[in-house]
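Top line first, the protein sequences correspond to chains A and B. Quick note on this note's numbering: the first sequence kicks off at 6 and runs consecutively. Quick note on this note's numbering: the second sequence kicks off at 94 and runs consecutively. Beta carbons: idealized from backbone N, C-alpha and C, even for Gly.
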Amino acid sequence: MNILQLEDVVKTYDKHVAVDKVSFNVPEGRIFGLLGPNGAGKTSLIRIITTITRADEGRVLLAGEPINSNTPTQIGYMPEERGLYKKMKVGDHLMYLAQLKGLSRKGAKTAIGDWFEKFEIGDWWGKKVEELSKGMQQKIQFIATVIHKPKLLILDEPFSGLDPINTNLIKDEIHQLQQEGVSIIFSTHRMEQVEEICEEIVLINKGKNILNGEVKAIKDQFKENRFRLDYDTELPTAISQQANIIEQGPNHLVIQLSAGEDSNSLLRYFISNGLHVTAFNEILPSLNEIFIQQVTTVEEAV
Amino acid sequence: MNNLWLIIKREYLTRVTRRSFILATLLTPLAIGLFFVVVSFIFQYDSDDSKRIAVIDEGNIFDGKIKDENNLFFKFVNTDLDVIKDNFDEMDYNGILLIPSLDDLLKKDFRVFYYSDEKLTLDIEPIIVSRIRERVRDYKIDQLQIDRQQLDALNTKIELEPKPIKAAPEETTKMAGKIAAAIGFFMGIIMYMTVFIYGMMVMRSVMEEKTSRIVEVMISSVKPFQLMLGKIIGVGAVGLTQLAIWAILIPLIVTVAGLFFGADADAMPPSAAAAGAEIDPEEAEAMLSLVIQELSQQNWWAILPLFILYFLGGYFMYSALFAAVGSAMGDDLGEGQALTIPITIPVLLAFYIMMVSVQAPNSSLAIWSSIFPLFSPIVMPARIPFDPPIWQVLLSLLLLVATALALVWLSGRIYRVGILMYGKKVGLKELGKWMFRG
Numbered sequence: 006m007n008i009l010q011l012e013d014v015v016k017t018y019d020k021h022v023a024v025d026k027v028s029f030n031v032p033e034g035r036i037f038g039l040l041g042p043n044g045a046g047k048t049s050l051i052r053i054i055t056t057i058t059r060a061d062e063g064r065v066l067l068a069g070e071p072i073n074s075n076t077p078t079q080i081g082y083m084p085e086e087r088g089l090y091k092k093m094k095v096g097d098h099l100m101y102l103a104q105l106k107g108l109s110r111k112g113a114k115t116a117i118g119d120w121f122e123k124f125e126i127g128d129w130w131g132k133k134v135e136e137l138s139k140g141m142q143q144k145i146q147f148i149a150t151v152i153h154k155p156k157l158l159i160l161d162e163p164f165s166g167l168d169p170i171n172t173n174l175i176k177d178e179i180h181q182l183q184q185e186g187v188s189i190i191f192s193t194h195r196m197e198q199v200e201e202i203c204e205e206i207v208l209i210n211k212g213k214n215i216l217n218g219e220v221k222a223i224k225d226q227f228k229e230n231r232f233r234l235d236y237d238t239e240l241p242t243a244i245s246q247q248a249n250i251i252e253q254g255p256n257h258l259v260i261q262l263s264a265g266e267d268s269n270s271l272l273r274y275f276i277s278n279g280l281h282v283t284a285f286n287e288i289l290p291s292l293n294e295i296f297i298q299q300v301t302t303v304e305e306a307v
Numbered sequence: 094m095n096n097l098w099l100i101i102k103r104e105y106l107t108r109v110t111r112r113s114f115i116l117a118t119l120l121t122p123l124a125i126g127l128f129f130v131v132v133s134f135i136f137q138y139d140s141d142d143s144k145r146i147a148v149i150d151e152g153n154i155f156d157g158k159i160k161d162e163n164n165l166f167f168k169f170v171n172t173d174l175d176v177i178k179d180n181f182d183e184m185d186y187n188g189i190l191l192i193p194s195l196d197d198l199l200k201k202d203f204r205v206f207y208y209s210d211e212k213l214t215l216d217i218e219p220i221i222v223s224r225i226r227e228r229v230r231d232y233k234i235d236q237l238q239i240d241r242q243q244l245d246a247l248n249t250k251i252e253l254e255p256k257p258i259k260a261a262p263e264e265t266t267k268m269a270g271k272i273a274a275a276i277g278f279f280m281g282i283i284m285y286m287t288v289f290i291y292g293m294m295v296m297r298s299v300m301e302e303k304t305s306r307i308v309e310v311m312i313s314s315v316k317p318f319q320l321m322l323g324k325i326i327g328v329g330a331v332g333l334t335q336l337a338i339w340a341i342l343i344p345l346i347v348t349v350a351g352l353f354f355g356a357d358a359d360a361m362p363p364s365a366a367a368a369g370a371e372i373d374p375e376e377a378e379a380m381l382s383l384v385i386q387e388l389s390q391q392n393w394w395a396i397l398p399l400f401i402l403y404f405l406g407g408y409f410m411y412s413a414l415f416a417a418v419g420s421a422m423g424d425d426l427g428e429g430q431a432l433t434i435p436i437t438i439p440v441l442l443a444f445y446i447m448m449v450s451v452q453a454p455n456s457s458l459a460i461w462s463s464i465f466p467l468f469s470p471i472v473m474p475a476r477i478p479f480d481p482p483i484w485q486v487l488l489s490l491l492l493l494v495a496t497a498l499a500l501v502w503l504s505g506r507i508y509r510v511g512i513l514m515y516g517k518k519v520g521l522k523e524l525g526k527w528m529f530r531g
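Structure follows, in structure tokens:
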């Protein structure tokens with residue numbers, strides 16, 4: 006079951022094509038990465054999903070239904086450009102945003118109380134937003150985004166401006182929400198975060214979908230059969246006939262296997278030759294490398 | 094609908110509970126009251142600078158009497174001018190008034206001399222002049238043996254009293270035109286100020302939402318049009334609240350201030366007193382009752398609802414335009430100021446036309462401006478006390494409502510694009526394009 010389906014979505018501003026026939030699905034209960042360099046069309050896509058703007062062509066389905074005026078109450082969206090009314094009190098502000106998302110007064114109050122307890126900020130209700138530090142404001146922003154228990158959570162660069170402690174706090178919350186069944190779209194250009202958090206990604210460049218799939222499958226697809234071997238005794242002398250060594254360090258090797266060659270037989274060769282192996286693992290390309298490679302090849306192709 | 098209501102409520106409550114709003118709303122009437130007190134105090138302030146004036150009455154016109162007043166003492170002397178001049182310092186006079194003898198009774202001009210090294214100040218000059226004029230007049234009347242009654246009769250006072258040709262239900266008085274002009278002018282001014290003050294308030298608030306980046310959070314929950322409309326309605330309600338409070342407080346405070354620091358007739362400045370002297374108290378009283386009669390005869394049941402209708406129309410129209418401009422502005426207020434010029438020009442023009450229209454409410458300029466929707470909210474209220482033909486009012490209202498709706502809609506289209514546009518300088522041409530963007 007897919008929580009979100011995009012079918013050939015197109016959005017044009019003046020003559021600039023911001024989103025060019027993009028299709029992908031976000032499976033329910035997953036953390037999904039929406040990646041792309043700056044200006045790739047991520048924000049345009051998100052604005053279409055959140056019904057802020059309308060697509061020129063194509064269809065967007067949320068939980069199987071075309072998006073409509075009721076969609077915003079089912080989505081929690083934390084934009085990259087985010088802020089709060091500085092003069093408002095924290096409690097009033099959250100009440101306001103929660104009620105706009107369709108919560109009743111009473112429901113909003115209870116929900117806010119729960120989150121205040123969770124983040125141990127019970128005494129913030131009467132504080133003005135401008136009295137809070139930037140990190141504290143981000144916490145309020147996060148609560149505002151999830152207060153109405155959305156089915157789909159869209160976070161655009163959620164960690165920008167957060168210190169490591171608050172970053173971890175929000176990360177934990179994201180994982181917990183996922184366990185409660187919330188689907189999450191995580192939009193960023195920071196690849197190390199994607200690798201850590203996302204299970205599935207779509208890579209957008211110049212308004213086009215250039216790569217889509219599970220993180221593990223994509224990494225497999227782009228792996229180059231390279232292995233790293235760590236050892237702490239003398240290497241066999243005839244090593245260079247047995248393996249294609251592309252990098253040699255004081256106590257490690259990087260070996261390129263040819264297609265069809267089995268890594269087990271290589272390992273067996275080393276062991277039978279009396280080498281003491283401390284570690285042996287496949288080198289998978291980082292998403293960052295794939296990202297850069299894909300973006301540049303596409304650009305060369307244009 | 095529910096969201097619109099929530100937005101209106103927030104926009105209204107955050108403003109009304111703000112300390113600056115409460116202070117401005119309460120202090121403005123106080124400041125106006127204080128202003129009245131200070132002004133009347135200044136006018137009441139008598140010169141404490143006493144002056145002694147030696148009077149040489151060569152023709153013996155005055156018969157040795159001029160009333161002293163306000164620290165001004167007149168002393169008749171029989172001494173020669175040169176003697177006083179020579180001994181001026183010891184004699185402790187501030188000036189010498191030389192009144193020559195009046196030779197030709199039929200001559201209009203009469204020259205009197207005032208010798209002093211001090212400047213003739215404004216507070217004593219009119220007193221001296223009026224005293225001499227009164228006395229010379231009496232003297233001439235006596236000498237020429239004229240009948241006073243005949244003389245008074247010559248000074249005919251003309252009263253032009255308007256009378257309706259078709260039977261009018263109520264009696265019009267000679268004050269009708271002036272009162273209507275005053276009411277019209279007052280309403281025109283209020284319209285002009287409110288359009289500017291609250292329109293600008295909407296604009297600033299839109300800009301704040303954009304620069305504080307709350308706007309994108311908001312429009313993921315509500316439609317941009319709802320957000321804009323909610324803001325306009327909320328700020329409009331703030332404006333009505335403020336006007337209502339002022340409408341009660343200002344007359345109250347001014348009245349109370351008037352009671353305590355009453356500005357009575359004696360306290361008026363000499364020039365005003367001189368002018369006032371020609372209206373006798375009975376006449377002033379009659380005039381006041383005329384004014385009150387005329388005010389109560391105005392058709393307030395038509396004027397006030399129409400005023401509110403034009404207020405709403407004008408406010409919606411202009412504040413929507415201000416909102417559109419605010420949405421297009423970047424973080425830099427100065428840069429966007431140029432965009433407000435196309436809005437302020439019609440408001441200013443309407444204001445000047447309004448000032449002319451209260452004098453000539455049935456000129457074609459006044460008539461067409463009060464129908465043209467960009468001007469009508471300011472010009473038509475100024476014409477309403479003059480009972481304009483009903484078709485003009487209806488046509489103007491119809492056009493105003495249609496234009497206001499159209500402009501709110503168009504502004505919504507600009508706003509929707511503008512609030513999501515960061516760090517880009519936009520011109521009027523671009524705003525036009527946004528209106529037609531899908």
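Quick one: which chain B residues come within Cβ less than 9 Å of residue i?
{"i": "A/E62", "result": "Here the premise fails: no neighbours, minimum Cβ distance about 11 Å."}
{"i": "A/M93", "result": "R103, T107"}
{"i": "A/Y82", "result": "E309, V310, S313, S314"}
Nearest-angstrom Cα distance between residue i and residue j?
{"i": "B/R506", "j": "B/K316", "result": "11 Å"}
{"i": "A/D13", "j": "B/V519", "result": "32 Å"}
{"i": "A/I53", "j": "A/L174", "result": "29 Å"}
{"i": "B/F479", "j": "B/L405", "result": "21 Å"}
{"i": "B/M311", "j": "B/L320", "result": "8 Å"}
{"i": "B/L120", "j": "B/T334", "result": "15 Å"}
{"i": "B/D357", "j": "B/V349", "result": "The predicted model places B/D357 with a pLDDT of 47, which falls under 50 and marks its position as unreliable; any figure quoted below should be read in that light. Their Cα atoms are separated by approximately 15 Å."}
{"i": "B/I101", "j": "A/G131", "result": "22 Å"}
{"i": "B/M296", "j": "B/I290", "result": "10 Å"}
{"i": "B/K271", "j": "B/S489", "result": "24 Å"}
By the three-class DSSP mapping on this structure, what secondary structure does residue i have?
{"i": "A/H180", "result": "helix"}
{"i": "A/T55", "result": "coil"}
{"i": "A/A243", "result": "coil"}
{"i": "B/G505", "result": "helix"}
{"i": "B/S457", "result": "helix"}
{"i": "A/L262", "result": "coil"}
{"i": "A/E85", "result": "coil"}
{"i": "A/H98", "result": "helix"}
{"i": "A/V22", "result": "strand"}
{"i": "B/A366", "result": "Here B/A366 scores only 44 on pLDDT, less than 50, and its place in the model should not be relied on; the value that follows carries that caveat. Residue state, collapsed to three classes: helix."}
{"i": "A/Y236", "result": "strand"}
Would residue i and residue j be called neighbours here (beta carbons separated by less than 8 Å)?
{"i": "A/K91", "j": "A/E135", "result": "yes"}
{"i": "A/D161", "j": "A/M100", "result": "no"}
{"i": "A/V199", "j": "A/T193", "result": "yes"}
{"i": "A/P290", "j": "A/K228", "result": "yes"}
{"i": "A/M196", "j": "A/L292", "result": "yes"}
{"i": "A/I189", "j": "A/L182", "result": "yes"}
{"i": "B/Y508", "j": "B/S420", "result": "yes"}
{"i": "A/G166", "j": "A/K139", "result": "yes"}
{"i": "A/Q143", "j": "A/N171", "result": "yes"}
{"i": "A/K211", "j": "A/V27", "result": "no"}
{"i": "B/F169", "j": "B/G157", "result": "yes"}
{"i": "A/I72", "j": "A/V65", "result": "yes"}
{"i": "B/L432", "j": "B/L352", "result": "no"}
{"i": "B/I192", "j": "B/I146", "result": "no"}
List the residues of chain B whose Cβ lies closer than 7 Å to the Cβ of residue i, in chain order.
{"i": "A/Q104", "result": "L99"}
{"i": "A/I57", "result": "I312, S313"}
So which residues of chain A does residue i contact, with C-beta pairs closer than 7 Å?
{"i": "B/R306", "result": "E86, R87, G88"}
Listing by chain order, which chain B residues have their CB less than 8 Å from the CB of residue i?
{"i": "A/P77", "result": "S313, S314, V315"}
{"i": "A/Y101", "result": "L99, R103"}
Under 8 Å Cβ-Cβ, which residues of chain A neighbour residue i?
{"i": "B/Y515", "result": "E86"}
Note down, in chain order, every chain A residue with its Cβ under 9 Å from the Cβ of residue i.
{"i": "B/N96", "result": "Q104, L105, G107"}
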